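Novice: These protein sequences, in sequence, are chains F and R.
Using my numbering, read the first sequence as starting at 1 and increasing by one per residue.
Using my numbering, read the second sequence as starting at 73 and increasing by one per residue.
C-beta: ideal position from N, C-alpha, C; glycine also.
If you're wondering where the values come from, they're calculated on a predicted model, not measured in any experiment.
Structure provided below as structure tokens; questions to follow.
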Amino acid sequence: MSTFHKHIGCHDGNSYLATKMPNRNVLVGAIVGGPDNNDQFLDSRLNVSQSEPATYFNAPLVGALAFFKGGK
Amino acid sequence: MMDFLCRSGGLMFKPGGCNLQHATALSFLLIVYSRYLQVANRSVHCGSVVATPSRLVEVAKTQVLNILSSPLLAIEKIVVIKIKKKKSNGALLDAGGLHTRKQSIRDVVHGWIWPKIPTENSSPRIELAFHVYFP
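Below, the structure written as structure tokens:
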């Protein structure tokens, strides 16, 4: 917020999607959708199902990690 | 369950949506159901196969370990990053430890992997690769 505090329009984020630069806000600790049925991973933001870090698979992984961390 | 496959690396694959949603959600559910079965002193019977509560946890563990640490691809990328750093600034970096040290959930959670994840100077490809395979 301190480095970018202006109003941003509905489509103003497209440039961040299309940029060749690294992601600006890296979610360290998150996993993305992962490899396909041939163990291939297409490294593209446009390939959402493989490259997005979403809550619906990060949440259950945290649950499983908590179980194994608990040592039971 | 017939549409489940297991890839050569051990990660399950089920068609539809993001693949890791299946590996993560089913791991979580297997653990929950395992604990329910344990309390009820029951097992799952499927034809001639009997799955005990501990077996269900074993299956979940294979998936979690696979997601966290097993693909060599990610390890190779760590080495690639180190080599690149050595070329650019001339610093001598240790590139040997990652090959030899055994990885486990405990190693990953307790931080020997995390400090090695670059976030500022690495390319999008390397960052994404890490996020696929590491927490």
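Quick check: what's the CA-CA separation for residue 122/R versus residue 96/R?
Specialist: Against the second sequence, residue 122/R aligns to sequence position 50. Against the second sequence, residue 96/R aligns to sequence position 24. One C-alpha to the other measures close to 23 Å.
Novice: Run through DSSP, which three-state label would residue 123/R get?
Specialist: The count along the second sequence starts at 1 and reaches residue 123/R at position 51. Of the three classes helix, strand and coil, the one that applies to residue 123/R here is strand, per DSSP.
Novice: For residue 62/F, report the span of its alpha helix (DSSP H) as first-last.
Specialist: For the purposes of this step, residue 62/F is taken as residue 62 along the first sequence, with counting starting at 1. Looking at the DSSP string, the run of the alpha helix (DSSP H) that includes residue 62/F is 55-69.
Novice: Which of the three DSSP states is assigned to residue 41/F in this structure?
Specialist: If you number the first sequence from 1, residue 41/F lands on position 41. Correct three-state label for residue 41/F: coil.
Novice: Going by DSSP, which residues form a beta bridge with residue 116/R?
Specialist: Within the second sequence, numbered from 1, the residue matching residue 116/R stands at position 44. Residue pairing of residue 116/R in beta bridges, as defined by DSSP: 123/R.
Novice: Between residue 36/F and chain R, is the shortest Cβ-Cβ distance under 9 Å, so that the two count as touching?
Specialist: Locating residue 36/F in the first sequence gives position 36, where the first residue counts as 1. Chain R contact via Cβ: present.
Novice: Going by CA-CA distance only, name the one from 104/R, 120/R and 94/R that's closest to residue 128/R.
Specialist: As a working note, residue 128/R is residue 56 in the second sequence. If we check each option's Cα against that of residue 128/R, 104/R comes out closest.
Novice: Of all Cβ atoms in chain R, is any one closer than 9 Å to the Cβ of residue 13/F?
Specialist: Looking up residue 13/F in the first sequence gives position 13. Chain R contact via Cβ: absent.
Novice: What separation, rounded to the nearest whole angstrom, lies between the Cα atoms of residue 67/R and residue 49/F?
Specialist: The structure shown does not extend to residue 67/R, since chain R is modelled only from 73 to 207, so the question has no answer here.
Novice: Around the Cβ of residue 125/R, are there at least 16 other Cβ atoms within 10 angstroms (buried) or fewer (exposed)?
Specialist: Mapped onto the second sequence, residue 125/R falls at position 53. Residue 125/R comes out buried.
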